[in-house]
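Chemist: Have a look at the structure that comes next, please.
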Amino acid sequence: MKRLFTTFTLVLVLLLTLGLTLFKRHDVHASYAKMAIEGKKAYLSIRVFSDDITLALQQFHKDPSITLKYNEETMRSFQKYLNWKFIIKKNGKQISGKIIEVYEQDIMTVFVAEYSASQPIHRFDLEYIVLM
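Numbering (our numbering), first residue to last: 13 to 144.
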């Protein structure tokens with residue numbers, strides 16, 4: 013199967029979404045994401061600083077007790093956040109991502125999301141929401 017690998021940096025996106033959404037003064041860290049497209053599926057790997065994503069999830073869910081535990085609960089929590097903040101569309105229809113993996117990498121957390129479409133993905137649109 014032909015693979016189309018598209019690697020892009022979301023430095024500005026993550027800088028704005030994770031940095032500006034926090035009400036408390038906090039150092040902003042840039043992170044990155046990679047996307048691989050294979051037929052009807054797209055895989056998005058997002059690497060973020062663990063403390064940044066913890067604060068972002070606490071604010072998003074309005075629950076200061078949220079911590080990263082690298083389990084199903086964390087995957088569901090980030091999946092809701094991801095599908096609200098990063099909207100991927102194919103032919104104008106949103107494709108929701110499903111978190112299939114989450115793991116710790118030093119002071120970073122890596123989330124891997126899978127997006128499935130009904131037809132092969134040749135082109136897609138990406139939108140993001142920034143809160144200030």
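Virtual Cβ for every residue (Gly too), placed ideally from N, Cα, C.
Owing to the predicted nature of the structure, the values given are computational and were not obtained by experimental measurement.
With distances taken from CA atoms, which of 44, 84, 43 and 108 is nearest residue 136?
Modeler: Here residue 136 corresponds to residue number 124 of the sequence shown, with the count starting at 1. Closest by alpha carbon: 108.
Chemist: Helix, strand or coil, according to DSSP, for residue 38 in the structure here?
Modeler: For the purposes of this step, residue 38 is identified with residue 26 of the sequence shown, where counting begins at 1. Confidence is the limiting factor: at residue 38 the pLDDT is only 47, short of 50, which leaves the residue's position unreliable, though a coordinate-based value still follows. Correct three-state label for residue 38: coil.
Chemist: Could you please give me the residues that DSSP links to residue 106 through a beta bridge?
Modeler: The count along the sequence shown starts at 1 and reaches residue 106 at position 94. Looking at the DSSP assignment, residue 106 forms a beta bridge with 101.
Chemist: Quick one: Cα of residue 118 to Cα of residue 105, how far?
Modeler: The count along the sequence shown starts at 1 and reaches residue 118 at position 106. The count along the sequence shown starts at 1 and reaches residue 105 at position 93. So the alpha carbons of these two residues sit roughly 36 Å apart.
Chemist: Run through DSSP, which three-state label would residue 56 get?
Modeler: As a working mapping, residue 56 is identified with position 44 in the sequence shown. Residue state, collapsed to three classes: strand.
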